[in-house]
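So the protein lines, in turn, are chains X and L. Per our numbering, the first sequence runs over residues 8 to 703. Per our numbering, the second sequence runs over residues 8 to 703. Written below as structure tokens is the structure these notes are about.
Protein chains: 2
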Amino acid sequence: MSYKLAFFTPIIGLLGLLTAFLVYLFVKKQDDGTELMRDLAQQIHDGAMVFLKREYTILLFFLAIVAVLLGVFVDTTWMTTIAYISGAFCSMLAGFFGMKAATKANVRTSQAAATEGLEKALTVSFMGGVVMGLSVASLGLVGVGIFFYFFNDPTMAKYINGFAMGASSIALFARVGGGIYTKSADVGADLVGKVEAGIPEDDPRNPGVIADNVGDNVGDIAGMGADIFESYVGAIIATIAIAATASIATLESVLNPGIDLSSSNIVNLKHNLMALPLVVVAFGLLCSLVGIWSVKIFKKIGPAEALRYSTFLAAAIFLVGSYFIANGFGSNGAFVAILSGTIAGVLIGLVTEWYTSENTWFTKNVPVLRVAEASETGPATNIITGLALGMESTIIPLFIIIVATLMSYKFAGIYGIGIAAVGMLGTVGITMSVDAYGPAADNAGGITEMAGLGDDVREITDRLDALGNTTAALGKGFAIGSAALTALALFTAYTQLAKVEVINLIQPLVVVGVLIGASVPFFLGAKTMTAVGKAAMSMVEEIRRQFREIPGIMEGKGKPDPSRCVDIATKASLRYMIVPGLVALIMPPLVGFVLGKEALGGMLAGATATGVLMALFMSNGGAIWDNAKKYIEQGNHGGKGSEAHKAAVVGDTIGDPFKDTSGPSMNILIKLMSVVSLVIAPALVAFGEGILQRFF
Amino acid sequence: MSYKLAFFTPIIGLLGLLTAFLVYLFVKKQDDGTELMRDLAQQIHDGAMVFLKREYTILLFFLAIVAVLLGVFVDTTWMTTIAYISGAFCSMLAGFFGMKAATKANVRTSQAAATEGLEKALTVSFMGGVVMGLSVASLGLVGVGIFFYFFNDPTMAKYINGFAMGASSIALFARVGGGIYTKSADVGADLVGKVEAGIPEDDPRNPGVIADNVGDNVGDIAGMGADIFESYVGAIIATIAIAATASIATLESVLNPGIDLSSSNIVNLKHNLMALPLVVVAFGLLCSLVGIWSVKIFKKIGPAEALRYSTFLAAAIFLVGSYFIANGFGSNGAFVAILSGTIAGVLIGLVTEWYTSENTWFTKNVPVLRVAEASETGPATNIITGLALGMESTIIPLFIIIVATLMSYKFAGIYGIGIAAVGMLGTVGITMSVDAYGPAADNAGGITEMAGLGDDVREITDRLDALGNTTAALGKGFAIGSAALTALALFTAYTQLAKVEVINLIQPLVVVGVLIGASVPFFLGAKTMTAVGKAAMSMVEEIRRQFREIPGIMEGKGKPDPSRCVDIATKASLRYMIVPGLVALIMPPLVGFVLGKEALGGMLAGATATGVLMALFMSNGGAIWDNAKKYIEQGNHGGKGSEAHKAAVVGDTIGDPFKDTSGPSMNILIKLMSVVSLVIAPALVAFGEGILQRFF
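Structure (structure tokens):
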């Protein structure tokens with residue numbers, strides 16, 4: 008196969024975007040219910056769009072500064088700047104499309120549940136997610152594909168790196184900002200509504216409920232989408248960068264024996280290896296389309312089966328096709344790496360499911376049940392047990408990542424680490440669709456409750472929501488796994504592009520780099536947790552004030568003012584996202600220019616190790632608490648209102664920022680720091696030794 | 008100066024031991040109060056001794072196995088085995104001496120408070136701690152000094168490493184076992200007594216109170232003592248190892264210009280640099296004795312001032328003397344390193360104090376007050392804020408460690424990293440005395456309460472206890488700082504002895520090593536937290552059972568059965584200490600022989616980075632929660648019994664295993680893994696490439 012095959016990727020991307028648009032029209036033409044429902048949906052939609060608009064306004068300002076800095080200090084051809092802006096723009100567009108569809112799908116899912124039942128409700132909410140899934144994959148293909156068309160010469164490939172940095176920059180702010188938004192609203196609404204006033208979740212009397220529902224969209228749709236978009240383009244671009252800068256030895260390690268490695272053929276071989284990730288993911292998008300279509304058939308078996316089998320079908324076709332594609336480009340080893348990445352993704356999902364679900368394929372003594380049991384002796388034992396299990400849950404996924412990395416390296420050298428990440432993310436079109444379906448179903452539950460559609464309808468949306476929680480847990484495991492592999496790939500690409508042959512851990516500056524890197528996730532965790540705590544406390548005060556000051560609010564006569572809560576969450580999240588975002592961006596140049604590019608390599612390794620562990624710890628810990636609470640609410644250990652339940656609610660509240668703010672932020676952090684390092688690598692080479700390095 | 012000066016260190020060590028014995032006699036001859044007090048003290052003493060006996064029995068069995076393995080596989084001269092057993096024996100002896108004195112001092116402090124007032128009570132409890140402090144320093148000097156006498160030849164110095172490994176092995180089990188003991192008893196007794204039954208802390212009706220008081224001794228005295236003993240001998244031995252294997256370049260980097268580096272003088276220079284740490288710490292012990300003596304004078308100003316000024320006095324004399332000693336051995340650079348280490352120790356203490364005390368030199372908006380405020384909105388916000396601040400509190404201490412490392416390296420090369428750790432630990436005789444005073448005062452408070460000595464006496468012991476909490480926080484910061492520097496020194500010594508010149512982070516196996524290393528602290532955290540959770544739950548059930556089944560227990564008529572609680576805590580702690588202990592011991596040989604000695608280096612770097620951060624996070628977080636609760640109990644935010652207080656109690660309960668079990672275990676973990684690597688380094692060299700390494 009010729010590398011020119013990759014020139015078609017933008018076209019396949021456009022095909023995906025067209026499909027996304029058709030799906031959006033399908034969702035939009037569904038019945039959106041009663042006037043009250045429309046009104047509620049409109050409030051959520053408006054809240055989400057206001058947030059997005061304000062967030063993007065701040066980001067545009069920030070992007071402009073970074074774009075200029077890149078053009079002046081890093082790449083004076085300004086090509087990197089153009090790629091940077093394009094990557095940021097594609098990421099924002101994916102977030103916008105996904106949110107638009109999700110805020111249409113939520114109310115229509117409620118209405119479908121009310122009038123047509125489970126199957127139709129599943130279809131509508133899933134299609135809401137599909138727009139996000141397809142947008143992420145397609146915009147990635149269009150963007151990277153176009154830049155590859157222009158910069159496929161190995162010496163020019165470095166310009167493409169800016170695209171990944173643009174995507175990463177947006178991702179960090181979207182994840183951190185969205186995460187703070189969703190959890191400050193959630194925690195605030197729950198603390199006053201459920202705990203103090205004793206009214207149910209999503210009760211329309213609670214002024215924080217709209218903000219909570221907006222939060223599901225800005226955090227779990229836009230934030231998650233930006234995260235996966237970043238992994239997706241990061242993995243592809245890291246692989247392209249590794250191929251473009253590959254040595255003869257690297258080429259030898261990845262290509263089939265017998266391939267002509269004479270110097271006249273080298274550029275051609277590099278071209279092929281650069282094109283391979285693009286062709287693989289373009290094919291992956293087609294597989295995703297088949298998978299999405301197959302939901303139609305599988306949903307007759309059941310909703311959980313429909314989502315699971317369609318994902319597996321897409322993955323199976325993807326693997327078969329990848330074999331032929333890799334072979335066609337002359338590398339069976341690359342296929343083994345793709346296979347390792349894909350299997351690792353599935354295994355991490357299964358382990359995540361075991362740790363965070365109450366019902367799994369291995370039912371005895373699962374973590375969720377242990378935390379539920381510990382709730383009987385109060386919140387302290389609930390939390391101690393949850394923290395312990397969260398820490399424990401890091402070990403096996405990390406081991407899976409290690410094995411996948413070593414396998415990929417064994418069969419395809421350092422190129423294998425990149426293409427393994429690409430393999431894990433190949434069918435992102437469907438995995439992201441399944442993931443984004445959850446918040447839409449969650450929102451539908453909220454609207455059902457607020458609009459008073461009755462218990463029958465609520466039961467359907469609850470079922471969809473419960474399924475959404477499982478897919479969300481899987482999605483988070485997948486996001487962490489892909490972030491880890493992508494970060495390793497970007498790290499490898501960085502060392503190549505920075506022309507660092509040895510990062511010697513015996514040198515104190517490198518050890519210092521590792522220590523600094525390891526501490527950044529702790530800093531990010533501290534800042535994001537503090538932000539949620541502070542924002543939630545403002546929210547608590549506002550809701551308490553409304554309960555106190557609006558006459559008749561508890562009797563359903565006085566009208567709450569949700570827009571004030573939306574405003575508080577929006578302002579707080581945008582305010583608190585700045586510092587963590589800037590730190591992640593500034594650390595790589597700071598360490599690189601002051602301590603040197605070897606210390607920067609050490610920092611990336613330290614940050615990746617700690618970041619992955621903290622991400623697993625916090626995401627899984629949070630999910631365990633969440634599901635332990637749900638398990639008790641099903642009537643176990645005394646059920647709702649028991650002391651055990653109160654203890655579990657405390658655990659769940661702590662778990663909220665763990666799993667939806669701080670944990671996921673780690674993913675972005677490690678990718679962003681790696682990709683910034685990759686982009687500034689040529690500038691570091693030009694600069695020479697770090698300022699402090701000259702003293703040692 | 009000649010290296011033979013170091014031959015006198017065992018004599019100074021014996022002098023220290025003699026002083027410790029005299030102090031012990033002084034403590035013992037104090038009045039031990041009423042019969043009830045004697046009985047309570049006896050129960051605590053017996054509980055502690057039973058624990059120690061059972062723990063040491065298990066450890067002897069384990070030591071025997073490791074000793075044989077070392078003799079058969081690592082060093083067939085069996086010299087390492089002898090050193091290993093000696094190190095373990097000295098560590099156990101230090102723990103035994105310290106516990107013996109502390110369990111005498113507690114009741115005598117109560118009696119002194121009752122009959123003679125604050126000043127005398129301070130003297131008695133402090134003297135209880137002095138026995139521990141002097142035992143740690145003196146036994147370290149005697150042990151390492153004797154081995155140095157026999158193995159001061161640079162080619163034989165490696166045998167001494169076994170001594171550090173022996174100390175480390177005991178330390179891990181003592182810290183983990185003691186930590187589980189103290190916190191399962193504390194959490195269990197509090198959950199049922201304070202929270203459920205509503206009776207005060209240390210109430211004699213609570214059958215868990217004796218176990219809680221035993222726990223203070225086995226955790227905070229024996230556990231802490233073993234931890235510091237390990238750092239102390241680890242730092243000395245790492246420095247000896249670095250000097251013994253130093254290259255010409257290393258010698259050049261540490262010695263004053265103009266010193267004869269001709270090959271005939273090399274052995275002499277190495278001898279000097281090997282002797283330097285011993286001479287420095289021997290002098291440090293003398294300074295500690297002066298400091299201890301000066302408490303007599305300073306206590307007229309106030310108890311806090313007495314402990315602080317005496318420590319500063321010892322440190323000041325130590326620094327002046329070290330300058331002349333370092334100079335005498337031909338290295339001004341070594342003095343700069345010692346100075347860096349000492350200053351770093353003080354600074355970390357100050358930062359720890361700022362983070363964990365309510366009253367500090369910078370009073371506005373300190374973390375403790377923020378957590379207390381967050382308690383007003385319930386346990387969830389208390390815990391979110393505490394976790395966030397705990398994470399945040401890692402950054403500045405880590406930065407201090409980094410600066411101290413770089414300074415030491417700049418002025419004395421890799422030797423500087425070792426001697427900086429020695430500098431930090433030089434006056435351990437007094438710092439450990441101050442630290443061990445806390446649990447004795449805490450115990451005195453418990454005995455005062457149980458024996459019903461009245462509010463006036465309790466006020467005195469409470470004041471001593473509050474001071475003890477501050478010194479404990481400082482001690483923990485100091486323990487972490489010294490562990491970090493010691494681990495870095497041991498890591499450096501390992502690379503020298505394993506003849507690893509390059510640990511290249513670009514190689515996937517090294518990255519894998521870093522990932523594995525980073526995950527071990529999470530595993531240890533999970534296991535120790537789970538152990539406390541489980542053991543506390545058994546304790547809760549037993550105390551509940553006694554409250555239910557013993558007639559008249561709540562009215563003070565029925566007699567509780569504390570021995571059952573002591574037994575539960577003893578069994579649980581011994582049972583749960585095994586797995587974490589074994590993992591820490593097995594990981595270095597496993598990674599070293601399978602993935603290779605470079606990957607092992609990566610593992611040590613990863614473990615040190617994450618371990619230090621987790622230690623700071625958990626220790627400081629726990630102390631913040633503890634003091635936030637105490638601050639509320641002083642009448643703030645509604646005082647005792649308010650909702651804020653209940654929330655703060657939950658935070659404190661979670662903080663208990665954080666600060667006294669899991670956090671401190673990290674210190675040992677990173678030192679133990681480094682020292683095991685150092686001991687097996689020659690075997691790794693003989694073995695060649697790792698098993699899996701041969702495939703890559």
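Using N, Cα and C, we set each Cβ at its ideal position, and we do this for glycine too.
- Close CB contacts of X:Lys-111 within its chain, under the 6 Å cut and outside five residues either way in sequence, are with Val-34 and Lys-35 (chain order).
- Residue state for X:Asn-224 is assigned as helix, using DSSP reduced to three classes.
- Secondary structure remark: continuous alpha helix (DSSP H) runs of at least 4 residues inside the stretch 159 to 244 of chain X, in chain order: 168 to 196 and 216 to 222.
- Taken through DSSP and simplified to helix, strand or coil, X:Asn-511 comes out as strand.
- With respect to the C-alpha of X:Gly-54, the residue from X:Val-435, X:Ala-490 and X:Cys-572 having the closest C-alpha is X:Cys-572.
- DSSP, read as helix, strand or coil, puts X:Ala-473 in helix.
- By the CB criterion at 8 Å, L:Leu-592 and L:Ser-176 fall inside the cutoff.
- Within the model, the alpha-carbon separation for L:Gly-184 versus L:Val-216 is close to 19 Å.
- Neighbours of L:Glu-399 across chain X, judged by C-beta separation under 8 Å: Phe-529, Phe-530, Ala-533, Lys-534 and Thr-537.
- For the 8 Å CB-CB criterion, X:Gly-385 and L:Leu-198 form a contact.
- In this structure X:Ala-171 is not in contact with X:Gly-291, their Cβ atoms being roughly 18 Å apart against a cut-off of 8 Å.
- X:Ser-269 carries a coil assignment under DSSP once its states are collapsed to helix, strand and coil.
- For L:Pro-214, no CB of chain X lies under 8 Å from its own CB, so it is not counted at the interface with that chain.
- The stretch 656 to 664 of chain L makes no contact with the stretch 557 to 564 of chain L: fewer than 3 CB pairs, one atom from each, lie closer than 8 Å.
- In the structure shown, the three-state DSSP call for X:Ser-364 is coil.
- Proximity of chain L to X:Pro-264 at the Cβ level (cut-off 8 Å) is not reached, the minimal Cβ distance being about 18 Å.
- Of all alpha-carbon atoms in X:Gly-461, X:Tyr-188, X:Glu-383 and X:Ser-295, the one lying nearest the alpha-carbon of X:Lys-541 is that of X:Tyr-188.
- Take L:Gly-482, set aside five residues on each side of it, and the residues of its chain with a beta-carbon closer than 6 Å to its own are Asp-442, in chain order.
- Around the beta carbon of X:Lys-636, a 10 Å sphere encloses 16 or more other beta carbons of the protein chains shown; the residue is thus reported as buried.
- Cβ atoms of L:Lys-306 and L:Thr-434 stay farther apart than 8 Å, at about 19 Å.
- Per DSSP, X:Phe-331 is one residue of the alpha helix (DSSP H) stretching across 310 to 335.
- Annotated as proximal: X:Ser-238 and X:Thr-493, with beta-carbon spacing under 8 Å.
- Contact of X:Gly-540 with chain L is assigned, a C-beta pair being separated by under 8 Å.
- Close CB contacts of X:Leu-394 within its chain, under the 7 Å cut and outside five residues either way in sequence, are with Gly-628 (chain order).
- Going by C-alpha positions, L:Leu-47 is about 8 Å away from L:Met-457.
- Between L:Asn-476 and L:Asn-634, the gap from beta carbon to beta carbon is short of 8 Å.
- The DSSP-derived three-state label of X:Asn-263 is coil.
- Contact check between the stretch 245 to 255 of chain X and the stretch 203 to 213 of chain X: fewer than three CB pairs, one atom from each, fall below 8 Å, which does not count as touching.
- Close to X:Tyr-416, with beta-carbon spacing below 8 Å, are these residues of chain L in chain order: Pro-515 and Phe-703.
- Linking X:Ser-9 to X:Leu-376 through their CA atoms gives a straight-line distance of about 54 Å.
- Under the Cβ criterion of 8 Å, X:Ile-390 is counted among the residues facing chain L.
- In chain order, Val-287, Leu-326, Ser-329, Ala-333, Ile-426, Ala-427, Val-429, Gly-430 and Gly-433 place their CB closer than 8 Å to the CB of L:Ile-345, counting only its own chain and leaving out the 5 sequence neighbours on each side.
- When secondary structure is reduced to three states using DSSP, X:Lys-307 falls in the coil class, being assigned neither helix nor strand.
- Cβ proximity to chain X below 8 Å picks out Gly-540, Ala-543, Met-544 and Val-547 from the stretch 540 to 574 of chain L.
- With respect to L:Phe-180, L:Gly-588 sits close: the two C-beta atoms are nearer than 8 Å.
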